[in-house]
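The block underneath contains the structure these notes are about, expressed in C-alpha cells.
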Amino acid sequence: MAVILASASPRRRELLEMLGVRKLTVIPARGEERAPEGAPAAEAVEAISRAKALEVAEQCSPGDVIIAADTVVCVDGDILGKPRSEEEARGMLRRLSGRAHEVFTGVTVIYGGAVHCAAERTEVRFRALGDEEIAAYVATGEPMDKAGAYGAQGKGSLFVEGITGDFFNVMGLPVCRLGLMLKEAGVELL
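Now the structure itself:
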C-alpha cells in the first residue's frame, strides 16, 4: 500500500513526512478547483478536496491511500483563496488586520474503495497591520501562493496574535483529524 498525496504543496508533504508517513508519493491533481456555487467555506473545501482525491485515485492502485486537501480563509462570510495579484494580496491583508478570521481545510482520504471527507475550522487572530508592513510582506512574495495571502509558518507569523484550533490546519493540513482518518485506513503513524 502506497500513500499518495494529491497536492503539490510542499507544506503538506513536509507535514506528512514529519508524521512519518512511509512510501509517500506526490501526484498533484491538475483539475480546476471549483466549489459548488454559494457553498459555505466548509462545504467548498470538502468538495474541492474530494474532486482532487477522485482525480488522482484514477491513476492509482486499488490498495493505495489517497490524501487530498484544500484550504481557504474566511472573513465576514467571504472566502479568500490565493491572491491573483499583489494588489489583491494587500487588500486581503488589510481585511484581516486587527481581527479574527477562520481557516477551513477540507481533507479527503480514499482507501478500500471508500471516500472519506471532513472539514476542519481554526480561528486566527491578527494584530493591526500598517500599510508599509503589508507592502513589505507582499514584496517578499510569500503571500502569493497562500490562501488569505499569508503563511503562518513563515514571515506571516509576525502578524498572528493567536490561534484557536489545529495550528497545522492553518498550514493546510489538519494533522489531528487526518491522523484519525489515516488510522481508520490502516496507516499507523505511532
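Count along the sequence shown from 1, then add 305; that gives the number in my numbering.
Every residue gets a Cβ at the ideal spot worked out from N, C-alpha and C, and that includes glycine.
Here the structure is a predicted model, which is why all the values come from computation and not from measurement.
Assuming the contact rule is C-beta atoms closer than 8 Å, residue i and residue j should be a hit. Round their C-beta distance to whole Å, please.
i, j, result
"residue 509", "residue 334", "Since the first residue of the chain shown is 306 and the last is 495, residue 509 is not available in this structure."
"residue 372", "residue 311", "7 Å"
"residue 320", "residue 478", "5 Å"
"residue 458", "residue 316", "7 Å"
From which residue to which residue does the alpha helix (DSSP H) around residue i run?
i, result
"residue 464", "Residue 464 -> no alpha helix (DSSP H), and no H or E assigned at all."
"residue 353", "346 to 362"
"residue 484", "480 to 489"
"residue 443", "436 to 444"
"residue 321", "315 to 323"
"residue 401", "391 to 401"
"residue 331", "Where residue 331 is concerned, there is no enclosing alpha helix (DSSP H), although the beta strand (DSSP E) it sits in stretches over 329 to 331."
"residue 475", "472 to 475"
Would the beta-carbon of residue i fall within 7 Å of that of residue j?
i, j, result
"residue 490", "residue 414", "yes"
"residue 342", "residue 411", "no"
"residue 406", "residue 380", "yes"
"residue 456", "residue 433", "no"
"residue 423", "residue 409", "no"
"residue 309", "residue 369", "yes"
"residue 467", "residue 430", "yes"
"residue 325", "residue 494", "yes"
"residue 473", "residue 465", "no"
"residue 428", "residue 469", "yes"
Hey, could you find the ends of the beta strand (DSSP E) residue i is sitting in?
i, result
"residue 430", "419 to 431"
"residue 275", "The structure shown does not extend to residue 275, since the chain is modelled only from 306 through 495, so no value can be given for it."
"residue 373", "370 to 380"
"residue 308", "308 to 310"
"residue 495", "No beta strand (DSSP E) holds residue 495; DSSP gives it neither H nor E."
Cα-Cα, which of the options is closest to residue i?
i, options, result
"residue 385", "482, 459, 449", "449"
"residue 454", "365, 388, 437, 480", "388"
"residue 394", "353, 345, 447", "447"
"residue 397", "429, 452, 369, 357", "452"
"residue 346", "445, 426, 327", "426"
"residue 354", "338, 481, 365", "338"
"residue 357", "374, 349, 348", "374"
"residue 306", "443, 416, 471", "416"
"residue 392", "332, 317, 444", "444"
"residue 419", "435, 492, 332, 367", "367"
"residue 349", "400, 376, 459", "376"
"residue 463", "439, 485, 344", "439"
"residue 506", "330, 359, 476", "What the structure shows of the chain is the stretch from 306 to 495, and residue 506 is not part of that stretch, so it cannot be assessed."
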